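Here's the structure, in structure tokens; my notes come after.
4 protein chains.
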Amino acid sequence: MTRFECDYGEGAAPAVLDLLARTNAEQTPGYGEDAYCAVAADRVRALCAAPQAAVHFFVGATQANLTVIDALLRPWQGVLCAETGHINVHETGAVEATGHKCLPLPAADGKLAAEQVAAAVAAHRASASHEHEAMPAMVYVSQPTECGTLYTKSELADLSAVCRQNGLLLFVDGARLAYALAYGQNDLSLPDLAALCDAFYLGGTKCGALFGEALVLPDPDLCPDFRYALKQHGGMLAKGRLLGLQFLALLGGAGAGPIEQTPYYTMAARANVLADRIAAAFAAKGCAPLYSGCCANQRFFTLPAAWYETLSRDFAMTVMGRGPGTVAVRLCTSWATREDAVDALCAAAAAL
Amino acid sequence: MTRFECDYGEGAAPAVLDLLARTNAEQTPGYGEDAYCAVAADRVRALCAAPQAAVHFFVGATQANLTVIDALLRPWQGVLCAETGHINVHETGAVEATGHKCLPLPAADGKLAAEQVAAAVAAHRASASHEHEAMPAMVYVSQPTECGTLYTKSELADLSAVCRQNGLLLFVDGARLAYALAYGQNDLSLPDLAALCDAFYLGGTKCGALFGEALVLPDPDLCPDFRYALKQHGGMLAKGRLLGLQFLALLGGAGAGPIEQTPYYTMAARANVLADRIAAAFAAKGCAPLYSGCCANQRFFTLPAAWYETLSRDFAMTVMGRGPGTVAVRLCTSWATREDAVDALCAAAAAL
Amino acid sequence: MTRFECDYGEGAAPAVLDLLARTNAEQTPGYGEDAYCAVAADRVRALCAAPQAAVHFFVGATQANLTVIDALLRPWQGVLCAETGHINVHETGAVEATGHKCLPLPAADGKLAAEQVAAAVAAHRASASHEHEAMPAMVYVSQPTECGTLYTKSELADLSAVCRQNGLLLFVDGARLAYALAYGQNDLSLPDLAALCDAFYLGGTKCGALFGEALVLPDPDLCPDFRYALKQHGGMLAKGRLLGLQFLALLGGAGAGPIEQTPYYTMAARANVLADRIAAAFAAKGCAPLYSGCCANQRFFTLPAAWYETLSRDFAMTVMGRGPGTVAVRLCTSWATREDAVDALCAAAAAL
Amino acid sequence: MTRFECDYGEGAAPAVLDLLARTNAEQTPGYGEDAYCAVAADRVRALCAAPQAAVHFFVGATQANLTVIDALLRPWQGVLCAETGHINVHETGAVEATGHKCLPLPAADGKLAAEQVAAAVAAHRASASHEHEAMPAMVYVSQPTECGTLYTKSELADLSAVCRQNGLLLFVDGARLAYALAYGQNDLSLPDLAALCDAFYLGGTKCGALFGEALVLPDPDLCPDFRYALKQHGGMLAKGRLLGLQFLALLGGAGAGPIEQTPYYTMAARANVLADRIAAAFAAKGCAPLYSGCCANQRFFTLPAAWYETLSRDFAMTVMGRGPGTVAVRLCTSWATREDAVDALCAAAAAL
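Residue numbers (the numbering used here), protein chains in the order written: chain A, -5 to 346; chain B, -5 to 346; chain C, -5 to 346; chain D, -5 to 346.
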């Protein structure tokens, strides 16, 4: 069985393991107060052109999402998100468990439009019973989205403008951000994110690390006590340096080159190319993509059920849904995907 | 200005105030541990033909909703409800503030169908990532619904059957239950509710009391520690007898007759008749009802905007929404609605 | 049985019931947006010499406590309080249920000293692991305390100064505030409270109302969205005017005289005198007071168990604890206490 | 600077890193549903002689504590713990953030006695206002405690008996359990823990892993939906196998020998010996131990402040508090402590 169902099926990029091994015997303070975390945070700030930003490291994305939302919102405030947003459908109500309501909006292909946000906020404020509704106070989007689509710089700038006009925070879940950054048509850079968002993270878990997400709060005054929130939700890793070290391995340290020269980016770029090959193979068979504009390292197709049965004997895919005689699937590549595995999958598809 | 925008615009039925005044100087234990609450609870049990039921009194409906849901569910469990359900749209995220996710389903005219619940539960259980989703564990419906429609006995029995087959709890918000019970076509009785539901309440606030909701848990073993939950959420009234007394005034005490002979019922029946007159007046003008099957004491119409402007000079209505040239409104009657007020409204409508 | 165990054993002061009855048929908007609430809030502001203050009405004190604390603190912030504080011991963990930790400090006779607060804050800030501790961010005290003692103006000013120097909020639970205000030796006025505190309330439930607490937030910008919090916690009464009306009955309306001329004050003053009589009767028998400085309408004594057995046949008291051969009790008076009941109790005590 | 201030200052035991590296390229399902986790869970069950137990892996101890408590208790239930208990003082109110109150009891040397628990439960149940108090429903203890002391088998059996007689759950925080198991005088085994507790964990983070805690629920029916709770609190690691692998490296796999032959045990035994040497060095200087019965890998002493100043130039220690002219410190050893570092510390102490 070769696995294409997700991008967290293997361990870590060798450079990550190497650095962990090389520094293993060193003694450092705990809880992220070590020099490796400090240098990694500096490196993140430099890549984001956000020299004042607060940077916090998390073990995982759900932990990051729930902590950010709980730390930045007041109890009666809710989060506007795509109905397909990860926080709305795949985190077991983790945001609600912190007391905040997800406020889902319809989202073609997983993306929210600035107009939707503006309309939702306007409707809330115009309502005679607005105090009886959760107050929209944040917009959560994912880049890439859960449907594999990307926000353009212009689209995110529009969302950001609506948020700032209305006093909402903009939070970008970047669990797969490397793949977005490294995709050819992408025009949304780390400095753009830092300029447009109030919070976003560079995902590590799905982009070459054993685990880890690097949260950026461009305004350091937004939540000076953020580390209390991190600890309170069980998100402060005792051996915090493991997070700093991994991001150093992926992003390079002080003085390293631009993002395009980092393993974080180059590994993702390679995975995107492999995903393009897979997409071409399915397109050649006439399989319709499930979403429009899907790109980067996740691809979604609707297959005849018989084809799915055949392929799934050798290749693990995520089933997104089933129709009459059809199965909708997701296939992912990652930094760890082997070319021969893609060759085999494409050949199997061609032979259907 | 005459108010038809809600059913809680006045104080209480005179019998309620009288009983409060008559017993005012008596000394009783606090927190609902007095004899009046005990007798009122017995009376509720008798009317529900549920001699073992636990009965708890609340000041208000949001408090009842959030406490019931928090007391009966485990943290990761969510509540299936109509997308128009009160808990989903008009309680400022009160359920989420207790950590539980509302799981809204599309609902024509405010009603959930048993098939929808069955499908949602089946989809959750079939999902490979079900542990990543809030677990559907309760169904919340309102009788009457927020759209003024009623569940038939057969419809609620179907919902109940699906819930019991799947281990979900069924919770009926009866904030306006008097109006449902007293409506001509209604075939769903208090004993039916006690037989079919795991929790429901007889609303007092909108049905003749100053305030108060009488929660019935037909199975007394469902939550033996419920009073801890009541206190923890600030819902345990110090002078708890005020709740028992009001329900005694509305429902009668030990040995009183059937529900049809109580002020609770007769006042609601009268309000329903007044609502029928209002509905007829608007129908005569060709105003389309907003929902199909709307009845009891709430009525919803779409009016030409100019008509709304004219009427609203003298009559308060709730604006549900605005379309191009139209305004959708709700009009309510209650135990307190005066006949001459209805005459005036109908005349004004006729004159449009 | 004559009840002295609490101050919420009867209904309401007749003036309260009268006003409710007199206004019963009027139609008003719901949820506290009526004219009565507006006038009552103005009256509270005037009495507090706090013309800008936000005033919010609650049904009960636990609801007020949990809502204020949840609305004003961030998730990782805790509340310094006396170990005997109501929120710490008698609210079923209501504050913790909103996510906030009570941080109890030892309190002789129920009172916190400014030095204790200063020391606790200093210790937290000096701790190398302060991010691993709940952050002290509010001080909660009760006036009178749960032990029947009073803060002097000087003591509260000291607490306020420490809070302001350190950025903590000061919150005074005034569930029995009338009895404090009306006690002879008291020197802490409503304007003092408004000047020294960030939040406090004038209790109604235990001071002559059926129910109700009037919260004052002297700085209206402290929480502009407070009404969302009120609704989210189920604390927004549908017929909100009932709260405004009751405080008008207790405090008088626009243009009424100083607090000393209000029923709120005069009823409490009378209750305090009756409590003094009870205290004298027990003191004459040599019963030791449980706390030093106890005054106002609650009194605490340690009795021989045999005396307790005798008295408790006719008089309900709250048992605070039992020692070898002794019982510690609380006795309360209220606006409703009858003089002949006090006569009887004192005679019974004398006859022990 | 040589660090003795904690037992999580280095990376992982080499065997852990080796196994991670060796399996790095393998593809497995995510979220702990892989074969390594399954085998590691089997191994934990075998070592605990608890073949039916549910085993769940966490990244860290605070995450484990808050998830277990939230998953096993109802909202109004609280946790009895030592006032020095980690959940009470060092987790930023993480337990309260899930809504549950810590109910601290005085604890000499960090240990709770069965009698204290029995008395607390009895007092709650005898209270007339028990519904106004958080209900004690769980006992949380740490083995070793936060003061470095150990429960004997007899002591834990007594606690367990009180819990079972009263329907409370017993939860043992084993963040440093290896050091307890491997300490000479210890008589409390893994099978004992499984027989006496409702939940406990084998700490990994402080016992040789990069991170990880292995939670054991001896009764698999106690919380069948526990994985929902794990996900909801952000505790479900995407690459869950990292946890299974690490525990395999520490505990051995199927068919491995008794606990005494595992790296988990032997590394801890060695650390305990080094801690004994440190203790002897300080005792020889007349430094009083801070707690009585302290053993295993944490030692606490009160030093003259001048000695602390001298030592702390070269050796990092945790400051527990300061007295007039004295400093109380904690020193820890771990699987990673080097003998030459201990030699140097002992020599420095001798030279004071």
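Built from N, CA and C at the ideal position, the CB exists for glycine as well. The structure presented is a predicted model; accordingly, all values stated were derived computationally and were not measured.
Residue-chain proximity (residue i, chain B), Cβ-Cβ < 8 Å
i	result
residue 91 of chain A	yes
residue 141 of chain C	no
residue 321 of chain A	no
DSSP beta-bridge partners of residue i
i	result
residue 296 of chain B	B/282, B/322
residue 246 of chain C	None; residue 246 of chain C has no bridge partner.
residue -3 of chain C	C/310
For residue i, the first and last residue of its enclosing alpha helix (DSSP H)
i	result
residue 175 of chain C	171 to 175
residue 307 of chain B	Residue 307 of chain B -> no alpha helix (DSSP H), and no H or E assigned at all.
residue 16 of chain D	8 to 16
residue 288 of chain C	Unbroken run through residue 288 of chain C: none, as it is neither H nor E.
residue 333 of chain D	333 to 344
Proximity winner among the options, relative to residue i (alpha-carbon distances)
i	options	result
residue 237 of chain C	C/190, C/86, C/203, C/306	C/203
residue 132 of chain A	A/120, A/149, A/59, A/138	A/59
residue 219 of chain C	C/42, C/50, C/35, C/-4	C/50
residue 347 of chain B	A/147, A/95, A/326	A question about residue 347 of chain B goes unanswered here, because the residues of chain B that appear run from -5 up to 346.
residue 327 of chain D	D/18, D/297, D/337	D/337
residue 230 of chain C	B/234, B/225, B/199	B/199
residue 72 of chain C	C/83, C/92, C/57, C/80	C/92
residue 97 of chain D	D/70, D/303, D/-1, D/120	D/70
residue 39 of chain C	C/245, C/267, C/289	C/245
residue 217 of chain C	C/232, C/329, C/48, C/247	C/48
residue 134 of chain C	C/114, C/170, C/257, C/75	C/75
residue 99 of chain B	B/81, B/86, B/85	B/81
residue 188 of chain D	D/127, D/163, D/205	D/163
residue 166 of chain D	D/181, D/180, D/211	D/211
residue 340 of chain A	A/278, A/78, A/26, A/194	A/278
residue 170 of chain C	C/281, C/143, C/154	C/143
Residue i: first and last residue of the uninterrupted beta strand (DSSP E) it sits in
i	result
residue 130 of chain C	129 to 136
residue 355 of chain D	Look at the range of chain D in this structure, -5 to 346, and you will see that residue 355 of chain D is not part of it.
Any C-beta of chain D under 8 Å from that of residue i
i	result
residue 306 of chain C	no
residue 222 of chain B	yes
residue 260 of chain A	no
residue 83 of chain C	yes
residue 291 of chain A	no
CB contact below 8 Å: residue i versus chain A
i	result
residue 132 of chain C	no
residue 95 of chain B	yes
residue 205 of chain D	yes
Residue i Cβ short of 7 Å to the ligand PLP heavy atom set
i	result
residue 126 of chain B	The model depicted lacks the ligand PLP and carries no ligand whatsoever.
Beta carbon proximity, residue i to chain C, threshold 8 Å
i	result
residue 199 of chain B	yes
residue 87 of chain D	yes
Suppose only complete runs of 3+ residues qualify. What are the beta strand (DSSP E) ranges in the segment 36 to 115 of chain C, listed by chain order? 48 to 52, 71 to 76, 96 to 99
Where in the segment 153 to 222 of chain D do unbroken runs of the beta strand (DSSP E), each at least 3 residues long, occur, reported from the N-terminal end onward? 163 to 167, 193 to 197, 207 to 211
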